[in-house]
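Colleague:
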Amino acid sequence: MDGAIKPSKWEELYRVLDFEVVELYAVAEMHLREQEEAPANSLCQWAGNNREGEARKGGGISSLWRHRQVWEKD
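Just so it is clear: in the sequence shown, position 33 is 33 by UniProt numbering, and no numbers are missing.
1) Count the other C-beta atoms from every protein chain shown that fall within 10 angstroms of the C-beta of G60, then say buried if there are 16 or more, exposed otherwise.
2) I need the straight-line Cα distance from E37 to K6, nearest angstrom please.
3) Could you pull the DSSP bridge partners for Y25 from this structure?
4) Would the region 37-51 and the region 7-18 be scored as touching if the rule is three or more Cβ pairs under 8 Å?
5) Shortest alpha-carbon distance to R68 belongs to which of W46, N50, W10, R56?
6) Return the bridge partner residues of R51 from the DSSP annotation.
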């Protein structure tokens with residue numbers, strides 16, 4: 001998903017997740033920074049570890065899952 005900051009890329013991802021009926025999806029290299037979040041979507045919940053400051057490495061990983069799924073963080 002090149003260009004993760006662009007809303008059109010998120011819309012494309014959400015459409016694919018819905019079409020394929022994906023329950024849990026992990027995404028690396030998100031390019032989201034600090035407190036940025038994935039655009040809201042009625043299909044999925046999002047949680048992630050964003051990059052800090054101007055860092056080019058570290059973080060940038062997240063998970064998307066369907067609202068009906070129940071997950072607990074250990």
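Yeah, the Cβ is synthetic: ideal placement off N, Cα and C, and Gly gets one too.
Source: prediction; values computed, not measured.
Modeller: This is what the structure holds:
1) Label assigned to G60: buried.
2) So the alpha carbons of these two residues sit roughly 12 Å apart.
3) DSSP lists L64 as the bridge partner or partners of Y25.
4) Flag = yes, the region 37-51 and the region 7-18 touch.
5) That would be W46, whose Cα lies nearest to the Cα of R68.
6) R33.
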